[in-house]
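For the working numbering, count along the sequence shown from 1 and bump the result up by 209. Just so it is clear, CB atoms sit at the ideal spot from N, CA and C, and this is done for glycine as well.
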Amino acid sequence: MLYFFHEDIPAIIGGVILLGLSANSFIQAHKCYKRQYRPIDNDD
């Protein structure tokens, strides 16, 4: 029982983290994509 949770919970957490990272990278890429077509002179 303990082994099941030891294996299962990190898999769930890892999946959630991967999903969050992929969503975040998608948002960042979308911002960069929009910025290419709307150039701003000042660098943040």
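Through-space distance from residue j to residue i, alpha-carbon basis
| i | j | result |
| --- | --- | --- |
| ALA238 | PRO219 | 28 Å |
| GLU216 | ILE226 | 16 Å |
| GLN245 | PHE235 | 15 Å |
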